[in-house]
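Residue numbers (our numbering), protein chains in the order written: chain A, 94 to 430; chain B, 94 to 430.
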DNA sequence: CTGAAAGCGCTTACAG
DNA sequence: CTGAAAGCGCTTACAG
């Protein structure tokens, strides 16, 4: 059974298909009664305009492409929820693609986006670099990068304010009385790691605390990396009394490693994360962390895209503040340390 | 700058656009040399066929619509990853929509899917009922339900085998020596809850253990509900020594409530979850649970859809077995209880 | 206010 | 093997 087209409605209403088109799109040219009548008929026959046919002539698809490394990453999922939510408000649809950090797959994604003529693209926390962004930009559609690791001057972006958020988190530990504070970063070379490290250092400097290179270890953004990094720190002759982690996943691994050593968080060692993923409040102990407003950032990315599509001169780079959430993984250091 | 069309390529290659179309689609009618030449030109000029134009004539879009309640739900995210992964293999794109369990939004989603002429639809763990499924079925495209709460006879589905998985989980507790085993369900009226409860009862019956209604409490699928339910159970004159929970979220809340009472898991009370979400291995203690192969189920749902599209008579209802993952939240009951 | 016509970018019988 | 023609379902100047 074929879906009914504008012509079927035209026949039913005894008008031309042009009139139907106008009536349905709310043109003021058509007499109100005719509009009413046509709308009724269209409604009754369950008519749905073909997006494909429309976009063929308007050359807009009301579709945006969203690339994430993996939607199973809770950060990405929250962001995508925000994006889709906002897109829904503007009657846009989102085509979701996982790059899985595989170059071949990324190429296919771009191709698919091009063939589907998406009106814009949002890339979330891509770890792949300038090459990919370059490739995306060849689609000639507006692109918004969200927490991208390789910001490009030409691209628009929404990013968490890593520096000030990390500084706040480190400052929290300093205020509690910690002096030996470690930083467990992500893999080398990713910008947000550099920035978060920068905030950590800035807080240390402002408190006139010495920077000790042995207190800076690199993880890999996941619990395993965090655990390994924490073990390195715990083997130090002079253990840190607090660890600021690149993200919650890292912190989770660090807490596990600490517990495995028979030490306790926060009485022996304080731990701070970054992101405020869902499980942060359910870890043992509940994790003190920096909250990224993930959904709002997703919304913001979509709004930026919409402004770009409306040729509205929009701010090219938006920085979003993080919020320190103090839970129970941080406490003053022990007296005798 | 307009994207180049098939006509542009035709001009460049000195052939008709029909020939370009055939060459690009791999028609055997065209001479190999011509195909080569045209492909080269198309490649060089970065030509991308318009999916919209193509689907207008073929009346297929190579697009599937996926509805989830919320992509921020880790279960849905894993499933969607599996779906998109499999879709990518067949050159299909997925349009993602969050229903947010809001009826108005669901209506809009169906509408969007209809206008975009998706070739098929996958609905994941919808809590909304028969009405919605009915509405979806009016799109006249194949639909696959994944862990849907209101299975419809006419629909195809992939579901976890709730009954046998729950029976296995309960049996595990019985084998450990537990006799007073509670079940914390989801809200009333959802099918998977009924089935999981069924598995629990079946295991009890098989072991000749008495069924005690006061040991069955309802949560709401999230930690808050699990915590409240656990508190109810802990206030019972004769506390259960083990709790089987509808899902991991519920178990998380239950464990928190148990800890809040100063009791310990598993030495005082054993807890079992369902799903094996990421955090299950990172809870304290790591959670014994039933693993649902979420990604594989997503893949399976897409494969089922593809078979349906190929008019291949496919099995209408697929049941996937769950796997019991024993971690550290279960142990034999205390001697003296 | 309404209609006839052209055209968006493809695919695919129909001829040759 | 290749081309001219029709048509998919819309929108939108152009006439009236």
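Each residue gets a CB set at the ideal place from its N, CA and C atoms; glycine is no exception.
In this text the structure is predicted, and so the values were computed from the model without any measurement.
- Listed in chain order, the beta strand (DSSP E) elements of length 3 or more contained wholly in the stretch 206-243 of chain A are 213-217 and 236-239.
- Listed as beta-bridge partners of residue 416 of chain B by DSSP are B:384.
- Think of a sphere of 8 Å around the beta carbon of residue 208 of chain A: the chain B residues whose beta carbon falls inside it are 141, 142, 143 and 144, in chain order.
- Below the 9 Å Cβ cutoff, chain A contributes 191 and 193 as neighbours of residue 178 of chain B, in chain order.
- Contact annotation: residue 154 of chain B and residue 210 of chain B have beta-carbon atoms nearer than 8 Å.
- Here residue 288 of chain A has 255, 256 and 259 as same chain residues with Cβ atoms under 8 Å from its own Cβ, once five neighbours each way along the sequence are excluded.
- Taken in chain order, the whole beta strand (DSSP E) runs of length 3 or more contained in the stretch 134-203 of chain A are 156-161 and 186-191.
- Three or more Cβ pairs closer than 8 Å define a contact, and the stretch 312-322 of chain A meets that threshold against the stretch 343-360 of chain A.
- Looking only at B:174, B:196 and B:206, the smallest Cα-Cα distance to residue 388 of chain B is reached by B:174.
- Contact of residue 377 of chain A with chain B by beta-carbon distance below 7 Å involves 377.
- Just so you know, the alpha carbons of residue 261 of chain A and residue 235 of chain B end up roughly 52 Å apart.
- Around the beta carbon of residue 213 of chain B, 16 or more other beta carbons sit within 10 angstroms, so the residue counts as buried.
- Separation of the CB atoms of residue 384 of chain B and residue 416 of chain B is rounded to 4 Å, and the pair is thereby assigned contact status at 8 Å.
- Taking 8 Å as the cut-off, the Cβ atoms of residue 162 of chain B and residue 185 of chain B do not count as close.
- Excluding five sequence positions before and after residue 113 of chain B, the CB atoms of its chain that fall closer than 7 Å to its own CB belong to 99, 102, 103, 106 and 131, given in chain order.
- Residue-level contact by beta carbon fails for residue 168 of chain A and chain B, as no gap is shorter than 8 Å.
- Note that the stretch 197-206 of chain A does not touch the stretch 193-202 of chain B; fewer than 3 beta-carbon pairs, one per stretch, sit closer than 8 Å.
- Fewer than three pairs of CB atoms, one per stretch, sit closer than 8 Å, so the stretch 371-382 of chain B makes no contact with the stretch 319-328 of chain A.
- Cβ neighbours of residue 300 of chain B within its own chain (closer than 8 Å, five residues either side excluded): 264 and 267.
- Within the same chain, 215, 249, 394, 397 and 398 come within 6 Å of residue 237 of chain A by CB-CB distance, once the 5 residues on both sides are set aside.
- A residue is called buried when at least 16 other Cβ atoms come within 10 angstroms of its Cβ; residue 141 of chain B meets this threshold and is buried.
- Think of a sphere of 9 Å around the beta carbon of residue 187 of chain A: the chain B residues whose beta carbon falls inside it are 188, 189 and 190, in chain order.
- Residue 338 of chain B is bridged by DSSP to B:277.
- Against residue 316 of chain B, the close residues of chain A are 375, in the order they occur along the chain (beta-carbon pairs closer than 7 Å).
- Between the beta-carbon of residue 121 of chain A and that of residue 172 of chain A there is about 39 Å, and that puts the pair past the 8 Å contact cut.
- Here residue 357 of chain A has 351 as same chain residues with Cβ atoms under 8 Å from its own Cβ, once five neighbours each way along the sequence are excluded.
- For residue 365 of chain A, the enclosing beta strand (DSSP E) stretches over residues 363-365.
- Taking the Cα positions, residue 115 of chain A is about 13 Å away from residue 147 of chain A.
- Taking all protein chains in view, the Cβ of residue 303 of chain B is surrounded by fewer than 16 other Cβ atoms within 10 Å, so the residue is classified as exposed.
- At least 8 Å separates the CB of residue 227 of chain A from every CB of chain B.
- For a Cβ distance threshold of 7 Å, residue set 145 of chain B lies close to residue 148 of chain A, ordered along the chain.
- Listed along chain A are 145, each with a C-beta nearer than 8 Å to that of residue 154 of chain B.
- Proximity of residue 422 of chain B to chain A, defined by a Cβ-Cβ separation below 8 Å, is not satisfied.
- The straight-line gap separating the alpha-carbon atoms of residue 191 of chain B and residue 225 of chain B is approximately 14 Å.
- The beta carbon of residue 157 of chain B sits no closer than 8 Å to any beta carbon of chain A.
- Listed in chain order, the non-local C-beta contacts of residue 180 of chain B below 8 Å within the same chain comprise 157, 186, 187 and 395, local neighbours out to five positions each way being set aside.
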